[in-house]
Amino acid sequence: MQQPVNETRTEDDRGQGGSQPVFNMPPVVVALIGLCAAVYIVQFYLLSDPQYIWFLLNFAFIPQRFSAWGGFTDITAWFTAISYSFMHGGFAHLAVNSVWFAAFGSPLAGRIGTRKFLLFWILTSILAAFTHYALYPDSNIPLVGASGAISGMMGAAARFGFRRVTYYTGTGRQVPAFGGPLLSVAETLQNRTVLTFVGFWLLINVITGLYATPAGELSGIAWEAHIGGFVAGFFGIALLLRGRS
C-alpha cells in the first residue's frame, strides 16, 4: 500500500474541505469490474448458442468435473475455480455484484495493495467454489459469479470493524482504505456493528437461496459458497497483513 503523503482523514472528517464520490475506486477494482462486464458481453451478445454452451462447460465451475471427470489432476479444471468468478448469470447478477464489489473491494485494495488484492480474489474464489463442491460434489450445474470473492471482502472488512479512512497518494489522489489495526477474532465477534451486519447478510443469503433465479438467467453461485468465501476472507486477511504495519 502506498504511504499517505498528507494527513489521513476518517469518514467523519470528509465533510470538511471537499466532497468525495460514493465510490472512489482503485484502478485494480475498476479493471476487475471492467473484465467482468467484458465477459458478460461476450457471453450474452457475441457467442452463438453452441459457443455459449462450450464457454460454460470450459470456464464455469462444475463440481462434477472434479468428482466424476478426474478434475483434481486436470489443471484446466482447477482454472475454472477462478474463471467462474468473472462470469455472471445475467445483467442483474453483474450489476449487484459490481456495486458490492466497489463498496468493499475499494477500501480493501487501498489497504493491502494491488498484488495482494488479486491474490485475495483468487484464493477466496477458489475456497468459495470448493465449499460448494464439498456440499454438492455430484452437481453438474455450472456455477458463476464474483459473489464468493466479494463475500470474502466482506469477511475481511469485518476484521477491521468496517472502519474506513482516506489517504492521499503522491499525485494527490484520494484513496479509501480500511483503517486501524486488524481486530482479533474475539474482538470482531464482540463488535456490535459487525454482528449486526453479518446477521443481516446471512439472513439475506438464506432468503435469496430459497428462491430460484429469474427465468432465462443462469443460476448464480450458491449461497453456501458465499459463506465459504466470507470465512476465507475473515481468516485469510490476517495472513496477507503479516509484516505490514
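For the sequence shown, the numbering used here gives the first residue as 16, with consecutive numbering after it.
Virtual Cβ for every residue (Gly too), placed ideally from N, Cα, C.
Keep in mind the model is a prediction, meaning the values are calculated, not measured.
Coil, strand or helix - Y182 by DSSP
Strand.
Let me check one thing: in DSSP terms, what residues is F106 bridge-paired to?
Per DSSP, none; premise fails for F106.
Checklist entry - What residue from W238, Q189, H108, H103 has the CA that sits closest to S166's CA? => result Nearest C-alpha to S166: W238.
Using beta-carbon positions only, say whether A161 and N220 come within less than 8 Å of one another.
Against a cut-off of 8 Å, the Cβ pair of N220 and A161 comes out as no contact.
Assuming contact is defined by CB atoms lying nearer than 8 Å, are V209 and G125 in contact in what I supplied?
Taking 8 Å as the Cβ cut-off, V209 and G125 do not qualify as a contacting pair.
Discussion item. For a test of the three-state rule: what should DSSP assign to F215, helix, strand or coil?
Written reply: F215 falls in the helix class under three-state DSSP.
Quiz item: Which residues share a DSSP beta bridge with F76?
Solution: According to DSSP, which records beta bridges pairwise, F76 is partnered with L158.
inquiry  = Taking its Cβ as the centre, do 16 or more other Cβ atoms sit within 10 Å of G195, making it buried, or is it exposed?
reply    = G195 is exposed by the Cβ-count criterion.
Please report the distance separating the alpha-carbon of A192 from that of I90. Roughly 35 Å between the two C-alpha positions.
Own chain residues within Cβ distance below 7 Å of S121, not counting five before or after: Answer for S121: F38, N39, M40, P41, V44, P191, listed in chain order.
With 16 as the cutoff for other CB atoms within 10 Å, does A83 come out buried or exposed?
Classification of A83: exposed, given that the 10 Å Cβ count is below 16.
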